[in-house]
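Single-structure report; data block below.
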Amino acid sequence: MTAPPPDPSDATPKTLISQGAEALVYRTTFLVPTLPALLKHRPRKTYRHPTLDARLTKHRVLSEARLLVRARGLGIPVPAVYFVDEANGSIFMEWIDGSSVRQVLDAILASPGGEGKVDAMMVRVGEAVGRLHKADIVHGDLTTSNLMVRKVGGVEEQEGGAGEVVLIDFGLGQVSTQEEDKAVDLYVLERAFSSTHPKAEKLFEDVLSAYGRSWKGGKTVLRRLQDVRMRGRKRSMLG
Amino acid sequence: MTIPITSLQLEHIPRPHTVYITLFKDVKNATFLRDQLLAGNSEFEYAFIDANTIISKVHALAAAHQAIHNLLVAGKLRTRNVHSETVFCLSPNNNITDAFKRFGILPTTTSLLCIKFSTLSAPVTLESIKSHLERSVEGTAVEFTDENLLQETVVDWAKVAKNYKIKSDNLNTQSLLNEKAIGGGLKSLEVEVLGKLVVRTTG
Ligand SMILES: Nc1ncnc2c1ncn2[C@@H]1O[C@H](COP(=O)(O)OP(=O)(O)O)[C@@H](O)[C@H]1O
Ligand SMILES: [Mg+2]
């Protein structure tokens, strides 16, 4: 993939790994060539007024960085932030060595009986989301691509996804005490699971029960999830 | 005596710039050096850091990186110059006085990390720094490496834990060296500390 470099005067090698609507994401290094890092850069949007664009970019970058810092400070598994350049639209953060939950599910569920191997990963997903919600942080885009699983001991751990589950991509996150917002997070994740793999829908029950056990408010959010599902179904019936 | 000086360019920071770094152990004239800073003696424009508070090269470089960034972005510098800014940028909070007390040179300092920047507007040569430090610091210079920070200038783990509010279990040189040998340890602590430095900048 090719894209304009985030800063033309920056000679450090970087590889584009993802190009979303908002951000270009690179694998690079930070400070020294031996420290791997992820660079998330929001390029200028030339169709917007420059002053407005600069303000929006700064706001989004700081919001994403603050949520990561807040979560990390509470011991919630998210990447550590290394450096924020809000004027340039960049966040440098810890490189998570591993794969997405989506990739792990794709790899494991492809083989018969694979379901049995991911139980523990489901529990860790539920617990991670539970801890996030306990801290009144709502993710806003909880998909199986925005959940990563660390490699264990430097070896590829697609088999079983035994590593720590790490929440990434807080670009749409916010601080919220609302049960509704938390239930919507779960609903989005549920949809993501069922679209990742047909067998994954059943597995999601393990995510929810781990979530319900993981913090005091969990059960209430699960009840609220029922309402959100109902509304979701109605909406899809109306087309 | 000729002292080893590390000179390097920081990643993602526009060239030309150079960072010169020297590490001293058994320093005997910390009071004198500190007095020069306090008096604003322009010959002593260095970041003088108490090396007992520094866990690794990357730890020190992260502060230097943030400081030079603050210098290059209009209105970002919070202290007198890029050198004092480096000491400030080691702190997880916005209290400047507190940062100097925690990370800067004190009369009691015996392990000293000296950082000097050469920038477009204030270029300095390796030779000039070398001869100035050789004349000014009474101590033994050692190379700026992770091993020397851990074993020669010695890390005060209790201080590190307190400065960054990190749990101090297993926070000691031996366990880190053991873990480093198998490829973990120091790296995960570095990640944690770098994350703490950013708390100040995001507010
Ligand atoms: N800290 C990280 N370490 C490793 N890979 C990451 C990290 N953050 C993001 N990625 C990878 O980059 C992709 C895009 O990053 P993300 O923050 O989700 O951007 P977007 O907002 O464009 O979705 C992720 O799906 C993941 O594969
Ligand atoms: Mg994403």
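Protein chains in written order, with the working numbering: chain A, 1 to 239; chain B, 1001 to 1203. Cβ coordinates follow ideal geometry from the N, Cα and C atoms, glycine included.
Asked: Using the rule of at least 16 other Cβ atoms within 10 Å of the residue's Cβ for burial, across every protein chain shown, is A/T51 buried or exposed?; Found: exposed
Asked: So, with DSSP's three-state summary, where would you put A/E157?; Found: Confidence in A/E157 is poor, its pLDDT being 49 and thus under 50, which makes the residue's placement too unreliable to answer from.
Asked: Given a limit of 9 Å on CB to CB distance, which residues of the segment 71 to 87 of chain A reach chain B?; Found: R72, G73, P79, A80, V81, Y82, F83, V84, D85, E86, A87
Asked: At least one CB of chain A closer than 8 Å to the CB of B/S1056: is that the case?; Found: no
Asked: The alpha helix (DSSP H) that contains A/R72, what's its start and end?; Found: 50 to 73
Asked: Tell me whether B/N1029, by its Cβ, gets closer than 7 Å to a heavy atom of ligand 2.; Found: no
Asked: Give a yes or no on whether 8 Å exceeds the smallest Cβ distance from B/T1053 to chain A.; Found: no
Asked: Tell me the start and end of each unbroken beta strand (DSSP E) in the segment 121 to 192 of chain A that is at least 3 residues and wholly inside, in chain order.; Found: 147 to 150, 165 to 167
Asked: So what's A/Q226 in DSSP terms, helix, strand or just coil?; Found: helix
Asked: For B/N1163, collect the residues of the same chain with a Cβ closer than 6 Å to its Cβ; drop the 5 residues on either side in sequence, then sort them by chain order.; Found: R1102
Asked: Using DSSP bridges, identify the partner residues of B/C1114.; Found: B/T1022, B/F1048
Asked: Quick one, are the C-beta atoms of A/H139 and A/L167 less than 8 Å apart?; Found: yes
Asked: Output, in chain order, the set of chain A residues within a Cβ distance shorter than 7 Å of B/L1194.; Found: A80, Y82
Asked: What residues in the segment 1057 to 1076 of chain B bring their beta carbon closer than 8 Å to a beta carbon of chain A?; Found: K1057, V1058, L1061, A1062, H1065, Q1066, H1069, V1073
Asked: In chain B, which residues lie with their C-beta within 8 Å of the C-beta of A/A254?; Found: Because chain A here runs from 1 to 239, residue 254 of chain A falls outside it and cannot be looked at.
Asked: Does DSSP classify B/T1153 as helix, strand or coil?; Found: coil
Asked: Report whether the distance from the Cβ of A/N146 to the nearest heavy atom of ligand 2 is below 7 Å.; Found: yes
Asked: Is the beta carbon of A/G20 within less than 7 Å of some heavy atom of ligand 2?; Found: yes
Asked: Using a C-beta cutoff of 8 Å, does A/M1 count as contacting chain B?; Found: Legend: pLDDT at A/M1 = 40, less than 50; position of this residue unreliable, value from coordinates given subsequently. A/M1 does not count as touching chain B.
Asked: At what residues does the beta strand (DSSP E) containing B/E1216 begin and finish?; Found: Residue coverage of chain B in this structure runs from 1001 to 1203, which leaves residue 1216 of chain B outside it and unanswerable.
Asked: Output needed in chain order: residues of the segment 1017 to 1038 of chain B with a Cβ under 8 Å from some Cβ in chain A.; Found: none
Asked: Does the Cβ of A/L225 have 16 or more other Cβ atoms within 10 Å, making it buried, or fewer, making it exposed?; Found: buried
Asked: Just to confirm my understanding: we take B/L1214, look at its own chain, exclude 5 residues before and 5 after, and list those with CB closer than 8 Å. What are they?; Found: Nothing can be reported for residue 1214 of chain B, as the shown portion of chain B is limited to 1001 through 1203.
Asked: Looking only at DSSP bridge pairs, what is A/P36 linked to?; Found: A/T29
Asked: Once the 5 residues before and after A/L147 are set aside, which same chain residues still bring their CB inside 7 Å of it?; Found: S100, V101, V125, V165, L167
Asked: In three-state terms, what does DSSP make of B/S1168?; Found: coil
Asked: Could you tell me the distance, in whole angstroms, from the CA atom of A/A3 to the CA atom of A/V25?; Found: Confidence at A/A3 is low in this model, with a pLDDT of 47, below 50, so its placement is unreliable and no value can be given for it.
Asked: Mapping DSSP to helix, strand and coil, what is A/Y306?; Found: Outside the displayed span of chain A (1 to 239) sits residue 306 of chain A, for which this structure offers no information.
Asked: In chain B, which residues lie with their C-beta within 9 Å of the C-beta of A/D227?; Found: Here the premise fails: no neighbours, minimum Cβ distance about 35 Å.
Asked: Using the C-alpha atoms, what's the distance from B/F1044 back to A/S16?; Found: In the sequence on display, residue 16 of chain A carries Leu and not Ser. Approximately 43 Å between the Cα atoms of the pair.
Asked: Whole angstroms is fine: what's the gap from A/L67's alpha carbon to A/E205's?; Found: 28 Å
Asked: Spatial neighbours of A/R240 within its chain, please: C-beta separation below 6 Å, excluding the five flanking residues on both sides.; Found: Nothing in the structure corresponds to residue 240 of chain A, since chain A is present only between 1 and 239.
Asked: Which word fits A/E157, buried or exposed, when buried means at least 16 other C-beta atoms lie within 10 angstroms of its C-beta?; Found: With a pLDDT of only 49 at A/E157, under 50, the local geometry of the prediction cannot be trusted, and the value read off the model is given with reservation. Per the 10 Å Cβ criterion, buried.
Asked: Under the three-state reduction of DSSP, which class applies to A/M1: helix, strand or coil?; Found: Its pLDDT being 40, under 50, A/M1 is placed unreliably by the model, and the measurement read from it follows with that caveat. Of the three classes helix, strand and coil, the one that applies to A/M1 here is coil, per DSSP.
Asked: Give the residues of chain A in contact with B/V1191, contact being defined as C-beta atoms less than 8 Å apart.; Found: A80, E94
Asked: Quick check on this structure: which residue in A/E127, A/N88, A/T144, A/P36 has the alpha carbon closest to the alpha carbon of A/I76?; Found: A/E127
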